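>
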Amino acid sequence: MSSNSSTPPPALLGEESLVAPPADSANLPTIPNVATSDAYFQELFNPNASIIVRKNVQSCLALLASRTGSEVSELLEPLYQPLLQPLITRPLRSKTVEQQVGIVTALNFCLALRPPLLKLTQELVNFLQEALQIAEADENVWVVKFVNPKYTLSLNKLRTSCIELLCTAMAWADFKSQNHSELRAKIISMFFKSLTCRTPEIVAVAKEGLRQVINQQRMPKELLQSSLRPILVNLAHTKNLSMPLLQGLARLLELLSSWFNVTLGGKLLEHLKKWMEPDKLSQSIKSWKAGEEPKIAAGALPSGQVYSELNSPYRLPLTKFLNRYATLAVDYFLARLNDPKYFRRFMYILRSDAGQPLRDELAKSPQKILASAFPEFLPKSDVEMSSNSSTPPPALLGEESLVAPPADSANLPTIPNVATSDAYFQGLALIKMLVKLIPSWLHSNQPVFDTLVLVWKSPARVSRLYNEQELNLVQVKESKWLVKCFLNYLRPDKTEVAEGYPPNMKRALLLYFLNLFQSKQLGHDHLVVVMQMLILPMLAHAFQNGQSWEVVDPGIIKTIVDKLLDPPEEVSAEYDEPLRIELLQLATLLLKYLQNDLVQHRKELIKFGWNHLKREDSASKQWAFVNVCHFLEAYQAPEKIILQVALVIEAKDKEATTMYTQALELLSQALEVWPNANVKFNYLEKLLNNMQPSQSKDPSTALAQGLDVMNKVLEKQPHLFIRNNINQISQILEPCFKQKMLDAGK
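The numbering used here applies: residue 19 is where the sequence shown begins, and numbers increase by one.
1. If we ignore side chains and look at the alpha-carbon of each, how far apart do Leu455 and Arg369 end up?
2. Give the secondary structure of Asp584 by DSSP, where H, G and I count as helix, E and B as strand, and everything else as coil.
3. Within the stretch 97-131, note down every full alpha helix (DSSP H) run reaching 4 residues or more, in order along the chain.
4. Quick check on DSSP: helix, strand or coil for Phe278?
5. For Thr107, which residues in the same chain have their Cβ closer than 8 angstroms to its Cβ, ignoring the five residues on either side in sequence?
6. Please work out which residues of its chain come closer than 7 angstroms, Cβ to Cβ, to Asp56, disregarding the five sequence neighbours upstream and downstream, and give them in chain order.
7. Name the two residues that bound the continuous alpha helix (DSSP H) containing Lys621.
8. Where Ser476 and Gln243 are concerned, what is the direct C-alpha to C-alpha distance, given to the nearest angstrom?
9. Decide if His255 is buried, meaning its Cβ has at least 16 other Cβ atoms within 10 Å, or exposed.
10. Since I believe Leu241 is in contact with Lys225 (beta carbons under 8 angstroms), could you give me their beta-carbon distance rounded to a whole number of angstroms?
11. Between the stretch 577-589 and the stretch 604-612, are three or more C-beta pairs nearer than 8 angstroms?
12. Name the residue from Ile624, Glu295, Gln613 and Leu508 whose alpha carbon lies nearest to the alpha carbon of His461.
13. Run through DSSP, which three-state label would Leu136 get?
14. Any idea if Leu650 is buried or exposed, counting beta-carbon neighbours within 10 angstroms, 16 or more meaning buried?
15. Just the C-alpha distance for Asp192 and Ala316, rounded to the nearest angstrom, thanks.
16. Look at the alpha carbon of Leu246 and the alpha carbon of Gln196, and state the distance between them as a whole number of angstroms.
17. Using CA coordinates, which residue listed in Gly309, Pro296 and Arg236 is at the minimum distance from Leu274?
18. How should Met551 be labelled, buried or exposed, when 16 other C-beta atoms within 10 angstroms of its C-beta is the threshold for buried?
19. Label Leu93 either buried or exposed according to how many other C-beta atoms from any shown protein chain fall within 10 Å of its C-beta, with 16 as the threshold for buried.
20. Can you tell me the Cα-Cα spacing of Ala203 and Met188, whole angstroms?
21. Could you compute how far the alpha carbon of Phe626 sits from the alpha carbon of Lys524?
22. Identify whether Val221 lies in helix, strand or coil by the three-state DSSP scheme.
23. With distances taken from CA atoms, which of Leu612, Tyr530, Tyr442 and His542 is nearest Ala560?
24. In angstroms with no decimal places, state the Cα-to-Cα distance between Glu116 and Gln493.
25. At the level of alpha carbons, what is the spacing between Pro423 and Phe467?
26. Determine the direct distance from the alpha carbon of Leu136 to that of Leu46, and round the result to whole angstroms.
27. Give me, in chain order, the residues of the same chain whose beta-carbon lies closer than 7 angstroms to that of Glu486; leave out the 5 immediate sequence neighbours on both sides.
28. Could you check the C-alpha separation between Gln539 and Leu527 for me, to the nearest Å?
29. Select from Gln151, Gln654 and Asn252 the residue whose C-alpha is nearest the C-alpha of Arg782.
30. Which term fits Lys175, buried or exposed, when burial requires 16 or more other beta carbons within 10 angstroms of its beta carbon?
31. Can you tell me where the alpha helix (DSSP H) with Lys639 in it begins and where it stops?
32. In three-state DSSP terms, what is Gln493?
33. If you compare alpha carbons, which of Ala441, Tyr360, Phe364 and Lys313 is closest to Lys338?
34. Which residues bound the alpha helix (DSSP H) around Arg362?
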C-alpha cells in the first residue's frame with residue numbers, strides 16, 4: 019500500500035507516462051490506457067462540456083492511440099456503450115440547445131472514426147432522423163420566434179452540428195444499404211435546401227455534404243429534380259428573387275454545372291431586362307428590401323473572375339520592387355494622390371497579399387496620409403513638415419520611373435482645387451482600406467480619428483449630401499466610409515458609454531433617443547439595436563452606481579411611460595416582437611431600481627405587462643412574466659391578480675426556463691407579505707395545476723417545473739404550506755410522476 023501511495027500520479031510523470039508502462043509492468047499494458055480512455059470518454063460524452071474541452075479530449079485520444087499503436091475506436095470499444103446508449107435513446111429535444119450541440123458533436127466524432135466504433139441500430143437511425151428534423155428547421159420561423167441574437171446563434175450552431183453529423187453518416191458504409199435509401203434521399207434534399215440559408219456556416223457544411231454525395235454516387239434523376247424544384251420554382255418570377263436564392267443557385271451551378279442547360283441563363287437574362295425599366299420595377303411587388311435592386315441584379319450575373327484574368331503579369335514584380343523601397347514608394351504615391359491612375363495602381367498593390375510590406379509602411383505613416391488628403395483640417399506646421407517628407411524621391415523620378423511624371427512635377431505641392439478634392443476622396447479611401455485590413459490601426463492612431471470627426475462635421479460634407487445626384491460613385495460613398503471607420507474605432511470600447519460617460523451626457527443621450535423614438539425617424543430594427551447596445555446598458559449602469567436622478571427625472575419617466583409603454587393603441591399596434599421585448603426590459607429596469615418613484619404610474623405599468631402576458635405564442639410573453647412579477651414584488655397587489663398570474667405563467671420551452679425561474683422567484687417573494695396561508699396555498703395549487711403534462715409540454719418538463727415550484731416556494735415558509743396540506747400537494751404532483759413512470763417503462 020505504501021508503495022502504491024508513493025507512486026507519482028500519471029499527470030506528473032510527463033507525456034510518456036500516459037501511454038508507456040514501466041518496464042516491470044509488461045503484464046498490465048492496458049490498465050493505464052483503459053483508465054485514461056475512460057476519463058477522456060467521460061468528458062467526450064459529457065453534454066455540458068465546452069467545445070474547447072471536447073476538442074482537447076479528441077486530440078488526447080488521437081495522441082494516446084498513436085503512442086499505443088492502436089486506433090481510437092479500439093481504445094473506446096469497451097467503454098462507449100454505457101455512456102452512449104442513454105444519450106441516443108432519449109429525445110434530443112428534451113435537452114437544452116447547448117447540451118444538444120454537445121451530444122451531436124460527440125456522436126459525430128464516434129461516427130467518423132475508422133474503423134467505425136458504432137453499429138447501425140434502430141436507436142441510432144431514430145437519432146439521425148431527429149437530427150434531420152433540426153437541420154431542416156425553417157430559419158425564418160426561428161428568427162421570428164427567438165429574437166434574442168445569442169439564442170439564435172446557439173440554434174445555428176445546433177443546425178450546423180446536425181448537418182455535420184448527417185454528412186458523416188452519408189459516408190458510412192453501413193448507412194448506404196437499400197433499407198435506408200429513403201432517409202438518405204431526405205438528407206440529400208436537406209443539403210439542397212440549406213444552400214439558400216442565410217448562415218454562412220450552415221451553407222459551407224451543406225455544400226461540402228452535397229459535394230461528398232456527388233463524388234460518391236450518381237444521384238437519381240427524380241431525386242435531383244425534386245430537390246431542385248423549390249429553387250427553380252422561385253426563379254420563375256422576378257418578385258421571388260432574393261440574395262440567398264441567387265447565392266444558393268450559384269453554389270448549385272458550381273457543384274452541378276453539367277445538369278443545367280442554357281434555358282436557365284435565358285431566364286436570368288429575362289429577369290435582368292426588368293432593370294431597364296426602373297420605374298416599373300420600383301412599383302412592382304418584390305421580396306427584397308428597397309435599395310437592394312443593384313445587389314439582386316449583380317447576384318444574377320456571374321462573378322467578374324468568370325470573364326477574364328484582370329491581373330497584369332508585371333504587377334507582382336512591381337509589387338516586390340515597391341516593397342523593397344517601401345518608404346520611398348509611399349512618399350511617391352502620396353505625392354500623386356490627386357491622380358486617379360496612380361491611386362488605382364497604389365490601391366490594388368496595397369490590397370494584395372503580396373503588398374503587405376508596403377501596406378505596413380503606409381500604416382506607420384498616418385501624418386503623411388493626413389497631410390496629403392486633408393491639409394485643410396491640420397495645423398499649417400504639420401502640413402509643411404509632411405509635405406517636405408513626401409517630396410517625390412529622385413530614385414523613382416528618373417528616366418526609368420514607373421510612370422512618367424508630368425512636366426510641372428516640380429510644382430506638385432501647389433494643387434488646384436479640383437485636384438485637392440480628388441486627393442480628399444482618395445485619401446479617405448486609403449484610410450478605409452487600412453481600417454478594413456488592419457482593424458486595430460485606427461484605434462491606435464487617435465489623430466486620424468480626430469481628423470475624421472472634423473471631416474464628418476465639415477459644412478462641405480453636409481452640403482454634398484444635398485447634391486448627391488451631381489457626385490460620382492466614389493464621392494457618394496464618402497459618408498458610408500466615414501461611418502465604417504467610426505464603427506471600427508468604437509468596436510473595442512463596448513463599455514465606454516455605459517461606464518465612461520458622465521451623467522449629464524447620459525441624460526442628453528437618453529433625451530435624444532426619446533425624441534427619435536417619438537418622431538419615428540428610425541425603423542423598429544434600428545430602435546431595437548440602439549436599446550440593446552446603448553440605452554439599456556447605460557441606464558443599468560447609472561441605476562447601479564447612484565446616478566439615477568442625474569440621468570432621469572420625473573419628466574423623463576413620464577415620457578417613457580406615456581409615449582413608449584402606454585401610447586395610443588394605434589401606435590402600440592405597430593410594435594414588432596423584438597421592440598416589445600426591449601420595451602419590456604426597459605419597464606422591468608425601471609421597476610427594479612425606481613419602484614418608489616413609479617407609484618403614480620402603477621396603472622399604466624401593470625397594463626403594459628399584463629397585455630403582453632396575455633399574448634399567445636409570442637416571444638415577448640416570457641419577458642412579460644418577469645416584468646409582471648417585478649411589479650408584484652414592488653407593489654402589493656390584490657390576491658386576484660397574483661392568482662391570475664399564477665394561472666398563466668408557464669414555460670413551454672426548455673429554453674424559457676431561465677426567465678421562468680426568475681419570474682417564479684419574484685412571484686414567491688411577492689407572496690411573502692401575505693399573512694394568510696390559504697392565499698399562498700391557492701397560489702401554489704393553481705401554479706402546480708398549470709404545470710401538468712399537456713400537448714405543449716412533455717412529462718419530464720412538467721415534473722421538473724413542478725419540483726422547481728416546490729423548491730422555490732416551499733423553502734420560504736414551509737410551515738404555512740405543509741402542516742395541513744401535504745396530501746393535497748402530493749395529489750397535485752401525482753399526474754406528473756405517473757406519466758414520467760409510464761415513459762420510463764416504455
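Each residue gets a CB set at the ideal place from its N, CA and C atoms; glycine is no exception.
Nothing here was measured: the structure is a model prediction, and the numbers come from that model.
The structure says:
1. 8 angstroms
2. coil
3. 98-107 and 115-130
4. coil
5. Glu141
6. Leu97
7. Arg620 to Leu631
8. 59 angstroms
9. exposed
10. Not really, about 18 angstroms apart at Cβ, beyond 8 angstroms.
11. yes
12. Leu508
13. coil
14. buried
15. 44 angstroms
16. 23 angstroms
17. Arg236
18. exposed
19. buried
20. 10 angstroms
21. 26 angstroms
22. helix
23. Leu612
24. 47 angstroms
25. The pLDDT assigned to Pro423 is 42, lower than 50, so where the model puts this residue is not dependable, and the model offers no usable value.
26. With a pLDDT of only 38 at Leu46, under the threshold of 50, the placement of this residue in the model should not be trusted; the figure read from the coordinates follows. Approximately 27 angstroms between the Cα atoms of the pair.
27. Val494
28. 16 angstroms
29. Nothing can be reported for residue 782: it is not among the residues displayed for the chain, which extend from 19 to 764.
30. buried
31. Ser638 to Ala652
32. helix
33. Phe364
34. Pro358 to Arg369
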